[in-house]
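Residue numbers (the numbering used here), protein chains in the order written: chain A, 1 to 150; chain B, 1001 to 1672.
Glycine included, each C-beta is placed from N, C-alpha and C at the ideal position.
Fair warning: this is a prediction, and the values are worked out from it, not measured in the lab.
See structure below.
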Ligand SMILES: Cc1cc2nc3c(=O)[nH]c(=O)nc-3n(C[C@H](O)[C@H](O)[C@H](O)COP(=O)(O)OP(=O)(O)OC[C@H]3O[C@@H](n4cnc5c(N)ncnc54)[C@H](O)[C@@H]3O)c2cc1C
């Protein structure tokens, strides 16, 4: 079977809106600026489509940090940014209930030319994950503690 | 050929002429990908978008029965459409192809880590394969389109748009809120950067518009209702009465009538409440200023005459709408740089009107006093800084640059110098932004004609104070001049000219009606400045001119022509074709609770319908594709996962995330 000989380090998923963060990530590329390879960007129309369970499942599958780069108040979708923010806020207590550090999930406004903020967000998430490690390990450790307590 | 709906995926990794392959080992990526289930071919090419690259993909589809295509290349924004064409030519549904960005989001940002970039490319391509496994054929949404456009706003942008659309054979209805055409351009005299006379150019355009048989024009008219969707918008227009019959027009203009400040001259003069905006305006029939008419009889032609405003409404069906509602010049606050308190402080638009009224050959005076020294201050109401400048009524500061005013100010400085060579001119600026073709010449000319430049910082703007009694000049301007390392200077002048910026017009009613958005600067927002310029998020509603932000006449016309081109290509065939990325309900999973409807912000996008399932009448959510924006708000709301955005489903996202997160062996298991 094929192997992917990648360095073992926490993985960051970036959900980036087509009208904001995704084009912003392309702008970063056009500048040929460097950032770490453990970052995987997926285009989204508007993050208001993701329910709370979607984020939880993502952590459970082995993604360690999620940056939701939306278009903020410049979003062309009515009520989309507000709904996305609400869903993410509602995800935090569910993360806590699984022992997950809520800083692993962050909503941030990135525009099509926000190259510096894009890099800053990636660097900050990278630094955070270096400190707190893998999400799966965090979930397992918490579940272990819960089992002990029971 | 595939049997039993077998998935046969073709994976193509592009070298992009070295842009990708200099960092990513594309051959290793291709070799790794071929080991995954259903991947039938995995190839590389120096340039997948070349004829040879595209032919290779087409041949695989035809000869190897490839029915899903994943291409890793430059950004999807650049070549997604190209490759949709490729797969379509080979007989495959265009939405059975997925594009992976390997250049901007991999090789170009990981050039110091080739191994990491190669592994990442494998993951990204794997995610493409994972998504491709869940792709369904989609059809663009096709709707019959009315070959008729509504243009809102009769300034230069609206006029240009209307004419361009009509010349392409579509009907146009142009509505203008005020009684006269021309917008702000009619208030200008000579235009930079060409030096041409503003109203001559404008009148040429107006003549072409009024003579065009496909354009119907309504002044004093506004949009009051809108329903429907792209290709088939039902709009209701309300038009105020002109109030004056042509036969009594001239007598009405000379009658003794109440007067109000004339907005055409920015309040410098007064006009009657039956008026023409300016000599030569169109339509030439005078109009009644209903806002200022109190209903009392007016004596016209010796007869007491009561005027009646009887607004008419009428309905139209249009396929698309151009919003060209323009801007308004910033009106400084009371006391800002002495405005409204010191009579010798005026705005640049006011000075333009003052010079026009002054006429040629007369010396420059203000309030009957000769003017010898003039200070022009840039960036008034523009580039404001939060925390330094007080917010406006809506709580915002104007942090944007109004762009046009730098050259407009220098144009004024040069004109003043030319007409009144003995004037002393002081130009107080933060930065000189003569960005456009030919604009810099105005700065050079101003330097040559002895305009004195003084530079301030955004958080340390000049101060304007009334002079003490006995001073030589009525106004004193204080500035810390950063061209001389912050030296405090005092400039006594006879006139201060504030180069005011552009403000968005209050079009909140239109924003609501059309369901379009404004940006943080409060100008109307285009969907994407590079990828979908002049389009809004609402299909078939496009923007033209300064409704969208500060622009010169040239830029307003370019945007207007772009908007017209969008409208013509949209409606020209009598049918509109939209991306199929809209919500779709799985009737089996839907239990008709209507949660999706509750969160949906788009009118008539989802409704409940009674349908027959297994012989039983049940309520189910149904999407009207033309009204759906595809935002997906309903997806997160549905407790049964019964609704998804076609082409962007939750299942596809989950599959892609698995491809990033899981070990290859685990992934193969999941895929199986
Ligand atoms: C001081 C100054 C100097 C300038 N000098 C130059 C120059 O020298 N050269 C140059 O190239 N540019 C110059 N400009 C810029 C120029 O004025 C603009 O680019 C141009 O006027 C923009 O045209 P527009 O059609 O977008 O907007 P507008 O001229 O504002 O027209 C908009 C029209 O829409 C109408 N409208 C608004 N709302 C509605 C509604 N709801 N329904 C129906 N109608 C509506 C308005 O009544 C108006 O007629 C200058 C601007 C200023 C302020």
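Contact annotation: residue 1377 (chain B) and residue 1558 (chain B) have beta-carbon atoms that are not nearer than 9 Å.
Contact check for residue 1151 (chain B) against residue 1181 (chain B) fails: the beta carbons are separated by 9 Å or more. Per DSSP, residue 55 (chain A) is one residue of the alpha helix (DSSP H) stretching across 52 to 61.
Contact annotation, residue 105 (chain A) with residue 66 (chain A): C-beta distance approximately 5 Å; criterion of less than 8 Å satisfied. Residue pairing by DSSP places residue 1014 (chain B) opposite B:1045 in a beta bridge. Residue pairing from DSSP places residue 1226 (chain B) in a beta bridge opposite B:1235.
Against chain B, the CB of residue 110 (chain A) has no partner CB under 9 Å away; the residue lies outside that interface. Residue 77 (chain A) is a Cβ neighbour of residue 1537 (chain B), given a cutoff of 9 Å.
By the 16-neighbour rule on beta-carbons within 10 angstroms, residue 1358 (chain B) is exposed.
The stretch 1121 to 1128 of chain B and the stretch 1275 to 1293 of chain B do not touch, with fewer than 3 CB-CB distances between them shorter than 8 Å.
Residues of chain B with a Cβ closer than 7 Å to the Cβ of residue 3 (chain A) are, in chain order, 1664.
Not one heavy atom of ligand 1 falls within 8 Å of the beta-carbon of residue 1204 (chain B). Distances from the CA of residue 1340 (chain B) to each of B:1464, B:1609, B:1432 and B:1176 were compared; the closest alpha carbon is that of B:1464. A straight-line Cα-Cα distance of about 31 Å links residue 1270 (chain B) and residue 1193 (chain B). Using a CB distance cut-off of 9 Å, residue 38 (chain A) counts as an interface residue toward chain B. For residue 1016 (chain B), no Cβ of chain A is located within less than 9 Å of the residue's own Cβ.
Within the stretch 79 to 96 of chain A, contact with chain B at the beta-carbon level (separation under 8 Å) is assigned to 79, 80, 83 and 87.
Here DSSP, grouped into helix, strand and coil, assigns residue 1625 (chain B) to helix. In this structure residue 1513 (chain B) touches residue 1223 (chain B) by the C-beta definition: roughly 6 Å separates them, less than 8 Å. Counting along the chain, the unbroken alpha helix (DSSP H) around residue 148 (chain A) starts and ends at 135 to 149. Taking 8 Å as the upper bound on Cβ-Cβ separation, chain A lies near residues 1525, 1527, 1528, 1529, 1530, 1531, 1536 and 1537 of the stretch 1522 to 1537 of chain B. Taken in chain order, the unbroken stretches of beta strand (DSSP E) that lie wholly in the stretch 1502 to 1537 of chain B and span 3 residues or more are 1502 to 1504.
Under the three-state reduction of DSSP output, residue 1429 (chain B) falls in the strand class.
The beta carbon of residue 1192 (chain B) sits closer than 8 Å to at least one heavy atom of ligand 1. In terms of beta-carbon proximity, residue 1557 (chain B) stays away from the interface with chain A, with every pair separated by 9 Å or more. Taking the Cβ of residue 1362 (chain B) as the reference point, every heavy atom of ligand 1 lies at 8 Å or farther away. For the alpha helix (DSSP H) assignment, the uninterrupted runs of no fewer than 4 residues enclosed by the stretch 65 to 143 of chain A are, from N- to C-terminal side, 80 to 97 and 115 to 132. Secondary structure at residue 1186 (chain B): helix, using DSSP grouped into helix, strand and coil.
Considering only beta carbons, the part of the stretch 1620 to 1643 of chain B lying closer than 7 Å to chain A consists of 1629, 1630, 1631, 1632, 1633, 1635 and 1636, in chain order.
Chain B places a beta carbon closer than 9 Å to that of residue 61 (chain A), counting this residue as a contact.
One alpha carbon belongs to residue 1410 (chain B), the other to residue 1433 (chain B), and they sit about 11 Å apart. Inclusion of residue 1648 (chain B) and residue 29 (chain A) in the CB contact set at 9 Å is not warranted, their separation being larger than that value. Distance from the C-beta of residue 1563 (chain B) to the nearest heavy atom of ligand 1 is not below 8 Å.
At a cut-off of 9 Å between C-beta atoms, residue 67 (chain A) does not count as an interface residue with respect to chain B. With respect to chain A, the C-beta atom of residue 1322 (chain B) has no partner C-beta closer than 9 Å.
Below 8 Å, enough C-beta pairs join the stretch 9 to 24 of chain A and the stretch 39 to 46 of chain A to call them touching: three or more.
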